[in-house]
Amino acid sequence: MRLLPSLGICLALGGAWLKAVEAKSATGDRVLVLVPTTESAKQYTYFLGTLETRGFDISVRAASNSSVALHLDGERLYDHAILLSPAAKKFGSDLTAHNFIRFVDDGGNLLVAASSELSDFHRKLGAQFGVEFEKRGSRAIDHVSHLSENGSDDHSVVAAHRFFGVPAVLPSTFGGNNPGTVLYKGIAHKYEAKNPLLVPVLVGSTTTYSGNAATGGDSDNKALSPMDTPLSGKALGLVSVFQTRSNARVAFSGSTELFSDSLMKKHGSSNTQFVTEVSKWVLQEKSVLRETGHRHHLLSTGEKPEYYRIGNEMVYEIDLSVYRDDAWHPYVANDVQFEAIMLDPYVRLTLNRTLPTDSKSPLATYRGDIKLPDRYGTFTFRVNYKRTGYSNVDVKDTVAIWPLRHDEYPRFLTAAYPYYTSSFVMIIGFLALSTAWLWNAEPKAKTNVKDEGKTKTKTKTKQSATSKPKPN
Amino acid sequence: MRCFRSSTRMLLAICTLASSCLAALQPTDIHIKVMERTGDKLFSASPQYPNTFGKVPEITSTTPLSVSFSVKSTTANEAVAVDQAFVNFRHKETGDETAFVAKRAGVGAYRMDLARKHFRTHFAPSPGLYDISLVLGSFADGGVHYALGTVQMSNGKPQQQQQQQRMSDTVVFGARPEIHHRFAEPQRMPSAAVSLVFAVLCVVPLVVLFGVWARLGVNVGGLGAEPVASAAFLGLVGAYMALAVAYWVGVKLFSALTYALVLALPTYAVGQVALSRRAASKPC
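First to last, the sequence lines map onto chains R and X. In terms of the working numbering, the first sequence opens at residue 1 and continues consecutively. In terms of the working numbering, the second sequence opens at residue 1001 and continues consecutively.
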């Protein structure tokens, strides 16, 4: 008997199959969908059909199915998991919230849908990501903006139209003057506004609040106490997404009916488009960044040295691509920054995008001309690119910056001219003294002729003085 | 297809917003007061729905705000109890919202008193201009959102300090301020003229020395005994001096040592010949 509903589901899903398509996700196409019972999967036929059309390999399992497992021999069995069983207290034979967190840590993506009847499992799982669901039994209510058709109003089906501007998750059509309306029936949650990893994409409007569906009070059917600050307005989260530091993605929705055929096919609502965009983001079909290469070298020679010197002028380049529409495209941005860090950043510079030589190239190259600081040591060249909704790119290179050699300092200074001159004077003086000392010749005959002349004059004078006078 | 989508969206919008336009609820007897601790009234306003009060009163922890109002059903034209009676405060700059549940003060009558503890908890950390509004709703009668006006929440700290505190609390992914390393200033040098003067002064002793030698009759007449070897020896010694200058200019250490080694043998050999012959030529 169980086979027939399963077969029916398979036929229904198979009807949405086109020709076999390759995975459109950047991280894999194996999706595990956990529903309360396999029969209950019928209410999500449209949503699951869109996933099949997008090329995913869907495995629908009942939450209580004991064969459900996330890992086998340490490897993930699935790339993505969608939980559409908010009341389930556990999954599989013994899968706890910890197992799902390990699944996310291993790179798996998770889409969690809750409801007013959510279990402690979902509450604990959400708490790990900064999402705090309201009390069991409460709902998001809006007496002003809600679904009203055929003369009857359902204040617990909120017509939500306040979207957070996250272009990486929701396109610009969900912002601006005509944001569209998403019909939402489920539980609200608080989100940690200061956590940059957690981003609300759909929140309540000013008139939306969390209360009991019948009376508007809290879940114990009591009226709210005076001066209570109920969860309402912008602080009331309806759908929030979380990007981990390891680039796994998690989405929390307080409504399983958001994904149901009844609301997705409602005329005039933006549910289909909203669910498609959020599921594309969670399943890594868009806004996935990757770094395909990076390099650095001296500006003058174009070569990458074994080490740099202080004050060297170098060039740093990095190639970035973004995945969307089933292919990698150049990632265009004006805020890619380079840092040279030694404990603290010494240089932080915005890189400029260079025009590619090949117009069909799937990568964008960002380049910066950097003059290294006049501090030597072990530096880290880093591009730490974290933007809301996009995958994190963190590229590090450890390089050594050496001090200048003795002959690389500024030379031939005008202030040192006396020293240069005195050195040359010393050299010349040494050579001259050596030459003079070794090859100096004593003066010769000029001095002896003079003495002989003096001696002859003296002898003549003596002879004339001693000679006898001649007789007459 | 676009026209169809926009028309259906409009239809849905009309349906969903019908409850506000055709809401059966209307706030009446609205009174907004800001009082001193002594009870003196600093500000009082009684706007009529849907008008706002024009002035912007300043509210501190010592001047509590009080908002009282009644809710009337337009269909029954009488006061009704509602499921949602909030006084909502929305920060103009950040968009953060805080709603307080108004206390029921009678059939269809509500009141909210913002005491000091509430001010300290919700508004002291993030002062500034707030839009105050009433959010009323009932499962039976729909809802209405009525913007009352603007108030200034002050905690006494200067605005710059408040901004810095606000900024330091949040982590925002985005481009960070650029850091341009400040290089050390080049050392200040004396003027080139001073250096040249001292350079000339350094040469003067050499000139004086040569002058004195000339007077004394110092000569190199002994070179004639063995001119070739002597000149070669002098040249090689001069080459060592030139090698030292070359090392200073740019030749690397081990290259300079290699050249010195290459020069050593001929210098020794030539020197041996020149100096021995010079010694032999000298008179005893």
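No residue lacks a Cβ here, since even glycine has one placed at the ideal position from N, Cα and C.
| query | Name the chain X residues that come within less than 8 Å of residue 402 (chain R), Cβ to Cβ? | reply | Ordered by position in chain X, no residue passes the 8 Å Cβ test against residue 402 (chain R), which lies about 16 Å from the chain.
| said: Check this for me: beta carbons of residue 395 (chain R) and residue 296 (chain R), under 7 Å apart or not? | reply: no
| query | Would you say residue 1243 (chain X) and residue 1260 (chain X) are within 7 Å of each other, going by their C-beta atoms? | reply | yes
| said: Runs of 3 residues minimum, wholly inside the stretch 120-200 of chain R: which ones carry the beta strand (DSSP E) assignment? | reply: 131-133, 138-142, 146-149, 152-160, 182-184, 189-191
| request: Compute the distance between the beta-carbons of residue 403 (chain R) and residue 363 (chain R), then report whether it is under 7 Å. | output: no
| message | Taking 8 Å as the cut-off, does the stretch 184-192 of chain R touch the stretch 103-122 of chain R (at least 3 CB pairs, one atom from each stretch)? | response | yes
| Between residue 260 (chain R) and residue 389 (chain R), is the Cβ-Cβ spacing less than 7 Å? | no
| said: Are the CB atoms of residue 62 (chain R) and residue 37 (chain R) within a distance shorter than 7 Å? | reply: yes
| request: Please decide whether residue 1190 (chain X) counts as near chain R, where near means a Cβ-Cβ distance under 7 Å. | output: yes
| message | Quick check: is the beta carbon of residue 1178 (chain X) nearer than 7 Å to any beta carbon in chain R? | response | yes
| request: Scan the stretch 346-360 of chain R for residues whose Cβ lies nearer than 7 Å to a Cβ of chain B and list them as they occur along the chain. | output: You won't find chain B in this structure, because its protein chains are R and X.
| Euclidean distance between Cα positions of residue 157 (chain R) and residue 290 (chain R) | 40 Å
| Partners in chain R for residue 1045 (chain X), counting only beta-carbon separations shorter than 7 Å | Simply none; closest approach about 21 Å.
| Ordered list of beta strand (DSSP E) runs contained in the stretch 1204-1263 of chain X, each at least 3 residues | none
| field | At least three beta-carbon pairs within less than 8 Å, the stretch 1106-1119 of chain X to the stretch 1056-1073 of chain X | value | yes
| query | Under the rule that 16 or more other beta-carbon atoms within 10 Å means buried, what is residue 182 (chain R), buried or exposed? | reply | buried
| request: Pull up the distance between the alpha-carbon of residue 227 (chain R) and that of residue 209 (chain R), whole angstroms please. | output: 15 Å
| query | Going by C-alpha distance, which of R:370, R:113, R:172 is nearest residue 250 (chain R)? | reply | R:113
| request: Less than 8 Å between the CB atoms is what I'm expecting for residue 1171 (chain X) and residue 86 (chain R), so what's the real figure, rounded? | output: With 8 Å as the limit, residue 1171 (chain X) and residue 86 (chain R) do not qualify as a contact, their Cβ atoms being about 31 Å apart.
| message | Nearest by alpha-carbon distance to residue 34 (chain R): which of R:52, R:64, R:49, R:50 is it? | response | R:64
| Taking DSSP as the reference, what is the three-state secondary structure of residue 1277 (chain X)? | helix
| request: Under 9 Å between beta-carbons, which chain X residues line up against residue 225 (chain R)? List them in chain order, please. | output: 1101, 1103
| task | Hey, could you find the ends of the beta strand (DSSP E) residue 83 (chain R) is sitting in? | result | 80-83
| Proximal chain R residues relative to residue 1173 (chain X), where beta-carbon distance stays under 8 Å | 196, 386, 387, 388
| Can the beta-carbon of residue 162 (chain R) be found closer than 7 Å to that of residue 205 (chain R)? | yes
| task | Scan the stretch 1205-1227 of chain X for residues whose Cβ lies nearer than 9 Å to a Cβ of chain R and list them as they occur along the chain. | result | 1205, 1206, 1209, 1210, 1213, 1217, 1218, 1219, 1220, 1221, 1222, 1223, 1224, 1225
| said: Can you give me the C-alpha to C-alpha distance between residue 192 (chain R) and residue 42 (chain R), rounded to a whole angstrom? | reply: 34 Å
| Any beta-carbon of chain X closer than 7 Å to the one on residue 418 (chain R)? | yes
| field | is_contact[residue 1009 (chain X), chain R] using C-beta, thresh 7 Å | value | Residue confidence is low: residue 1009 (chain X) scores 47 on pLDDT, short of 50, so the model does not pin down where it sits. No coordinate-derived value is stated.
| field | Distance between beta carbons of residue 1089 (chain X) and residue 1132 (chain X), contact taken as under 8 Å | value | 6 Å
| Straight-line gap, residue 207 (chain R) to residue 1144 (chain X) (C-alpha atoms, nearest Å) | 8 Å
| Can we say the stretch 317-333 of chain R touches the stretch 418-426 of chain R, given the rule of at least three CB pairs closer than 8 Å? | no
| Which class does residue 204 (chain R) belong to by DSSP, given the choice of helix, strand or coil? | coil
| C-alpha gap between residue 1123 (chain X) and residue 267 (chain R), whole angstroms | 42 Å
| Which residues, in chain order, does the stretch 181-212 of chain R contribute to contact with chain X at a C-beta distance below 7 Å? | 181, 194, 196, 206, 207, 209
| CB contact check: residue 144 (chain R) to chain X, cutoff 7 Å | yes
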